[in-house]
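Structure first, then comments.
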Amino acid sequence: MVQSQSEPLNLALPTDNDAILRGGGPEFYQYIERDYKGVKSTPWEGGQYGFVRDPIETPAGIVYTRFHEGIDIRPLQRDERGEPIDPVRAIAAGVVVHTNLVPGFSNYGKYVVVEHRWDGCSYYSLYGHLSSIQVHVGQLVQQRDQLGVMGHTGEGLNQARAHLHLELNLMLSRQFESWHDNLFKTDPNHHGIYNGINLMGIDIARLYLALRKQPALTIPEFLSEEETLYRLLLPDSGHFDLPKFYPWMLAQKNAERPVSWEVSFNRAGVPLKIAPSGKHVREPELSYLKPTGIESSYLTRDQVAGRGQGAHLTDKGKRFARLLIYPD
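Below you can see the structure in the form of structure tokens.
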């Protein structure tokens with residue numbers, strides 16, 4: 169880990185579309201196509217971060233069950249053929265760590281990942297669905313340097329819905345490649361540790377707005393406002409990278425290693441806090457779930473299922489938790 173503090177958290181928007189800063193949701197977010205109980209619609213809200221897609225009806229009301237890890241920014245400029253031509257720029261200074269030039273290799277289509285360093289920690293911005301890429305791996309970029317051009321490459325897009333998919337992520341594990349190769353033997357990983365599964369997106373739209381009110385805000389301070397939905401107990405592991413990547417998550421620093429760790433997550437699955445635990449566990453297990461009265465699989469990206477005392481990690485949740493400590 170580099171210990172020196174880098175530049176402050178000063179984020180620029182990645183395109184010239186700044187309607188989000190003026191409260192212009194429909195002008196900023198690209199709409200999605202929805203068919204709910206035979207009623208077709210094109211809600212712009214589906215382009216926001218969070219649980220904004222795939223509504224279902226529950227006794228508690230409508231619940232949106234599909235998580236969207238970034239924000240979809242609509243174009244401002246199109247050429248005579250209707251193709252978007254908006255330049256896509258780096259939201260902050262950093263280094264290009266991954267470029268995907270083959271659209272079929274990812275749901276993101278052609279995409280770029282840039283690593284940023286703030287307060288000694290690495291965060292990763294991702295720019296998806298590009299029509300072209302103008303940078304290469306290892307290239308240093310300054311804020312607002314052009315990375316590529318907006319497009320509609322990737323899964324489920326057409327020209328009308330062209331947009332930039334933007335994320336700001338934490339990284340989960342250095343061991344991602346071996347974890348993925350072990351579990352998904354017929355699904356090749358073309359992206360190394362910069363695969364979207366290993367990058368956990370935070371609410372960048374809310375962060376932009378929060379920075380307008382509090383320019384000195386840090387990411388740890390921003391995430392401290394998030395509510396914990398569930399906690400997992402993990403066996404201690406020498407490959408548990410989260411506290412090495414983001415030491416600010418540690419609730420306390422002990423001289424001796426604990427027998428296990430309790431990690432707090434928000435609804436999106438973003439890790440918020442890490443605390444030592446004295447409970448011996450042989451495999452990851454659920455230690456807390458906030459009571460909601462709603463089937464927990466709808467609220468946790470299918471990581472947790474059941475309610476109350478019957479709540480438990482799903483197979484998907486166990487795989488996710490295993491990634492955090494893999495291969496131990």
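Per this note's numbering, the very first residue in the sequence shown carries number 169; after that it's consecutive.
Built from N, CA and C at the ideal position, the CB exists for glycine as well.
In this structure, Met417 places its C-beta atom within 9 Å of the C-beta atom of Leu440. With fewer than 16 other beta carbons inside 10 angstroms of its own, Ser300 counts as exposed. Ranked by how close their Cα comes to the Cα of Gly478, the residues Tyr456, Gln245, Gly238 and Phe488 have Tyr456 in first place. Beta bridge pairing from DSSP links Gly262 with Val309. Cβ contact annotation for Gln245 (same chain, cutoff 6 Å, sequence separation greater than five): Ile253 and Asp254, in chain order. Arg312 is the residue among Val281, Gly288 and Arg312 whose C-alpha sits nearest the C-alpha of Ile259. By the Cβ rule, the stretch 280-290 does not count as touching the stretch 221-234, because fewer than three pairs are nearer than 8 Å.
By the Cβ criterion, the stretch 372-387 is not in contact with the stretch 423-439, since fewer than three pairs of Cβ atoms, one from each stretch, lie closer than 8 Å.
Fewer than three pairs of CB atoms, one per stretch, sit closer than 8 Å, so the stretch 375-391 makes no contact with the stretch 350-366.
Inclusion of Gly406 and Asp496 in the CB contact set at 9 Å is warranted, their separation being smaller than that value. For Ala180, there is no enclosing alpha helix (DSSP H), as DSSP gives it neither H nor E.
If you check the CB distance, Leu391 and Leu179 do not come in under 9 Å. Sorting Pro426, Val427, Leu491 and Gly214 by C-alpha distance to the C-alpha of Gly238 places Gly214 at the top.
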